[in-house]
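Reading through the structure tokens given below for one structure.
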Amino acid sequence: MIKPNKKQSTTDCSRRNFMLKSSLFMGSGAILLSSLKQQVIAAPKILEVPIWSKSIGNPVLHHSYGLPSNFEHQVIRRKSNPDDAPVEYVPSLDQASRSFTPLADLRGVITPNGLFFERYHGGYPNIDPQKHKLIIHGLVKRNLEITVERLKRYPSINKIYFLECSGNSYSNWGENEGSSVQGIHGLVSCAQWTGVPLSLLFREAGIDLDKAKYVIAEGADAPSMARSIAITRALDDVFVAYAQNGEALRAEQGYPLRLIVPGCEGSINIKWLRRLEVTDTPLFSRNETSKYTDLLGNDMARNASLIMEAKSVIIAPSGGQILPEKGFYEIRGFAWSGRGSITAVDVSTDGGKNWQRANISSDIFPKAITEFTFPWQFTGEKAILISRAIDETGYVQPYTQQLLKSRGHNYGYHNNSMQAWEIETNGRVQNVII
Amino acid sequence: MSLFDRGTYYFYLLLLLLLIIGSIRPLLANSCTEQDYCLGIVVSDTYITPWDIDVDPSGHSLPKGSGSYDQGLAIYNQQCIACHGPQGKGGIRMGEKLRPLPQLVNITPLPHKSIGRYWPYATTLFDYIQRAMPFYTPKSLKPDQIYALVAYLLIENNVISKDVILTNENLAEIKMPNRNGFVCDIRPDTFNLACMQDCLTPKDKGFDLGKIVMTDSKSLQADCLLLPE
Numbered sequence: 001m002i003k004p005n006k007k008q009s010t011t012d013c014s015r016r017n018f019m020l021k022s023s024l025f026m027g028s029g030a031i032l033l034s035s036l037k038q039q040v041i042a043a044p045k046i047l048e049v050p051i052w053s054k055s056i057g058n059p060v061l062h063h064s065y066g067l068p069s070n071f072e073h074q075v076i077r078r079k080s081n082p083d084d085a086p087v088e089y090v091p092s093l094d095q096a097s098r099s100f101t102p103l104a105d106l107r108g109v110i111t112p113n114g115l116f117f118e119r120y121h122g123g124y125p126n127i128d129p130q131k132h133k134l135i136i137h138g139l140v141k142r143n144l145e146i147t148v149e150r151l152k153r154y155p156s157i158n159k160i161y162f163l164e165c166s167g168n169s170y171s172n173w174g175e176n177e178g179s180s181v182q183g184i185h186g187l188v189s190c191a192q193w194t195g196v197p198l199s200l201l202f203r204e205a206g207i208d209l210d211k212a213k214y215v216i217a218e219g220a221d222a223p224s225m226a227r228s229i230a231i232t233r234a235l236d237d238v239f240v241a242y243a244q245n246g247e248a249l250r251a252e253q254g255y256p257l258r259l260i261v262p263g264c265e266g267s268i269n270i271k272w273l274r275r276l277e278v279t280d281t282p283l284f285s286r287n288e289t290s291k292y293t294d295l296l297g298n299d300m301a302r303n304a305s306l307i308m309e310a311k312s313v314i315i316a317p318s319g320g321q322i323l324p325e326k327g328f329y330e331i332r333g334f335a336w337s338g339r340g341s342i343t344a345v346d347v348s349t350d351g352g353k354n355w356q357r358a359n360i361s362s363d364i365f366p367k368a369i370t371e372f373t374f375p376w377q378f379t380g381e382k383a384i385l386i387s388r389a390i391d392e393t394g395y396v397q398p399y400t401q402q403l404l405k406s407r408g409h410n411y412g413y414h415n416n417s418m419q420a421w422e423i424e425t426n427g428r429v430q431n432v433i434i
Numbered sequence: 001m002s003l004f005d006r007g008t009y010y011f012y013l014l015l016l017l018l019l020i021i022g023s024i025r026p027l028l029a030n031s032c033t034e035q036d037y038c039l040g041i042v043v044s045d046t047y048i049t050p051w052d053i054d055v056d057p058s059g060h061s062l063p064k065g066s067g068s069y070d071q072g073l074a075i076y077n078q079q080c081i082a083c084h085g086p087q088g089k090g091g092i093r094m095g096e097k098l099r100p101l102p103q104l105v106n107i108t109p110l111p112h113k114s115i116g117r118y119w120p121y122a123t124t125l126f127d128y129i130q131r132a133m134p135f136y137t138p139k140s141l142k143p144d145q146i147y148a149l150v151a152y153l154l155i156e157n158n159v160i161s162k163d164v165i166l167t168n169e170n171l172a173e174i175k176m177p178n179r180n181g182f183v184c185d186i187r188p189d190t191f192n193l194a195c196m197q198d199c200l201t202p203k204d205k206g207f208d209l210g211k212i213v214m215t216d217s218k219s220l221q222a223d224c225l226l227l228p229e
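Protein chains in written order, with the UniProt record's numbering: chain C, 1 to 434; chain V, 1 to 229.
Okay, structure coming up:
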């Protein structure tokens, strides 16, 4: 647990105005420091007409590919800060590392492509789509080579799915060492993906359904990331995607082709997909044996624990923020489940003693992020905010201590436990263990 | 009366034939009677070979080659030592608080996931080195070099004896110490009810932390990775 910052707040109004101005300058990532008395900021005597109302604006194509307002420059992906993470949590090499989505600044269920979390095992390649191909072979009647241009001509689907790294929220495994929702839980994002179902492509290749047990998916990146997927899952809802939120996949997300394995851990959604081999045996690749397996307390390990179980997290207010004053706040958060749709989210403001049902403030798609809200008054009293997701299987999101009991301390991947944020009397929001 | 003389007639006939052949040539080259959409190009196994690099536990797709401990040591000290350290005991740190680069042999107490302690199949080592290592120049090693490195690492991990020459014939025969250390995923492993009022939390006496749910031989989850029987 981190120690509260003893930085003093101020009740001085001129200081307050200064902080407001500087926070506007710094953009939405900045936080207002102020007293907790609810008060109206001393207003100027009469409204000013700002400079942008008295001068002509920028022409079309000022940016031929549009950018966020420059006042939003703090809303960016970030790496783990070694000073704010468990010992040895931050990888040594940036090409085998990850960056986190700024969850607290997101609205609705779609993660903008430029803010989608990153995770690579050997850097991301810059692939020329003219030279890229998808090979389908193995237990099929005919090996197929499909160009990117031709893949886009097959009948296509559009689906909204979350992706979550199985190591997401690892810093909360037993010790709550992270501080912000971005740094702790930011390895989850959600997008609308466009592509072609594997079942269609395998039918084209003439898959041998009597012998096929797995498909080995492999990337064209430096380490040629490879994973085995059970054929039943592959033929269910897995697809080859070429677009994300209306445009081509970003290079960080697998341009020009990636696999989408809905509801399953990020690493099996192979990026820069180049090859699908239908087999009767798993590959047992390094990234499905040495890594991405779950070592239990009895020294055995689970393999292919792919499903990301139901989870939710409050993104506002969240760790590192400071509530500027007493008054009304809309508690807001995300919930998702790899087993299907979110059916309800509950919120507690007293550390888990009493719960109330939250509003679902977005559409609900299976295996996608669902947004929830909950009206709340900050009275200046200490409060502990927790959210709890329930999915269509009836599964209720657990406490960390329950997962530790069930799985032992060696685990660490697939931490879907509840996040508690403590609101101090001074409005400061902290990550706490319940 | 004719608009064309004979020569011109044959010229246009030939041109027409060429146009017809040209327009159906892609279809002739790629028979589509079995593909609904006719967008995939049928290719041979040989054509795929340069990309077909996976080596599963059967060892069937291992390339021909061999390597010894001494050869592996020399390659290791040239290609691997910078990150993985002397004898794989490495863990080079790029910064005081950063995670050390992976060690390849057991030097710390349990739990650890090093090769000799955790990896279930020796073929995985060949597969991974072949596809992903060395980190900055992947796919640059020849099969003999990879066999030598695998031999070196298995010997440093006390899995095989120092005189073993590793080849495509014997690699898949090696039984790794942790071969039987993996079970299928049996989650969900917590079973909460959504209590709404006056609920206990883990801080309260009497809170039900649930039970240890680690293995269950009856369960055979569909995603599980299992070798064919």
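Idealized CB from N, CA, C, for every residue including glycine.
Could you work out which residues of chain C lie near residue i, taking near to mean beta carbons separated by less than 8 Å?
i	result
isoleucine 98/V	What sits at residue 98/V in the sequence shown is leucine, not isoleucine. Per Cβ cutoff of 8 Å: Pro82, Glu88, Val90, Pro91, Ser92.
Applying the 10 Å Cβ sphere with the 16-neighbour rule, what's the burial state of residue i?
i	result
leucine 33/C	Note that leucine 33/C has pLDDT 43, beneath the 50 cutoff, so the model's placement of it is unreliable and no number is given.
methionine 19/C	Low per-residue confidence applies at methionine 19/C: pLDDT is 36, beneath 50, and the placement is therefore not dependable, though the value from the model is reported in the following sentence. Methionine 19/C is buried by the Cβ-count criterion.
proline 102/V	buried
isoleucine 136/C	buried
alanine 304/C	buried
threonine 425/C	exposed
serine 161/V	exposed
histidine 121/C	buried
isoleucine 216/C	buried
proline 50/V	exposed
tryptophan 52/C	exposed
proline 57/V	buried
lysine 175/V	exposed
methionine 308/C	buried
methionine 196/V	exposed
lysine 159/C	buried
glutamine 145/V	buried
phenylalanine 374/C	buried
Going by the DSSP bridge assignment, what does residue i pair with across the sheet?
i	result
serine 312/C	Ala335/C
valine 140/C	Ile207/C
glutamine 192/C	Ile160/C
isoleucine 342/C	Asp391/C
threonine 373/C	Arg332/C, Asn359/C
glycine 67/V	Leu166/V
leucine 98/V	Val90/C
cysteine 184/V	Asn303/C
valine 43/V	Asn143/C
Throw me the rounded Cβ distance for the residue i and residue j pair, which I believe falls under 8 Å.
i	j	result
glutamine 397/C	serine 312/C	6 Å
tyrosine 124/C	glutamate 252/C	5 Å
lysine 213/C	isoleucine 231/C	6 Å
alanine 226/C	serine 285/C	5 Å
threonine 393/C	glycine 340/C	7 Å
serine 66/V	leucine 166/V	6 Å
Identify the contact partners of residue i in chain V, using a Cβ-Cβ distance below 9 Å as the criterion.
i	result
arginine 388/C	Asn192, Ala194
leucine 235/C	Correct list: empty, because the minimum Cβ distance to chain V is about 11 Å.
From this set, the options, which residue's C-alpha is nearest residue i's C-alpha?
i	options	result
glutamate 169/V	Ser161/V, Ser61/V, Gly95/V, Cys38/V	Ser61/V
glycine 412/C	Tyr89/C, Ser64/C, His73/C	Tyr89/C
glycine 427/C	Gly320/C, Thr373/C, Gln356/C	Gly320/C
valine 238/C	His409/C, Trp193/C, Ile342/C	Trp193/C
tryptophan 336/C	Ser92/C, Gly263/C, Glu175/C	Gly263/C
glutamine 244/C	Pro256/C, Asp236/C, Pro366/C, Glu325/C	Pro256/C
glycine 40/V	Tyr154/C, His185/C, Ile369/C	Tyr154/C
arginine 405/C	Leu225/V, Ala222/V, Cys224/V, Pro202/V	One detail in the question is off: residue 405/C reads as lysine in this sequence, not arginine. Looking at the Cα atoms, Pro202/V is the closest of the given residues.
isoleucine 360/C	Phe372/C, Ala234/C, Gln182/C, Leu187/C	Phe372/C
glycine 167/C	His414/C, Met418/C, Asn298/C, Lys211/C	His414/C
Below 8 Å on C-beta distance, what does residue i contact in chain V?
i	result
lysine 405/C	Leu209, Gly210, Lys211, Ile212
tryptophan 355/C	Ala194, Cys195, Met196, Gln197, Cys199
phenylalanine 365/C	The premise fails here: phenylalanine 365/C is roughly 21 Å from chain V at the closest Cβ pair, so nothing lies under 8 Å.
What does residue i touch in chain V if you count any residue whose Cβ is under 7 Å from its own?
i	result
threonine 232/C	Ala222
valine 396/C	Asn192, Leu193, Ala194
proline 223/C	Arg131, Ala132, Pro138
glutamine 401/C	Pro202, Leu209
isoleucine 260/C	Neighbours of isoleucine 260/C on chain V: none; closest Cβ ~16 Å, over 7 Å.
Would you mind telling me which residues of chain C sit closer than 7 Å to residue i, beta carbon to beta carbon, in chain order?
i	result
glycine 85/V	Ordered by position in chain C, no residue passes the 7 Å Cβ test against glycine 85/V, which lies about 12 Å from the chain.
For residue i, which residues in chain C fall below 9 Å Cβ to Cβ?
i	result
glutamate 34/V	Lys141, Arg142, Glu204, Gly206
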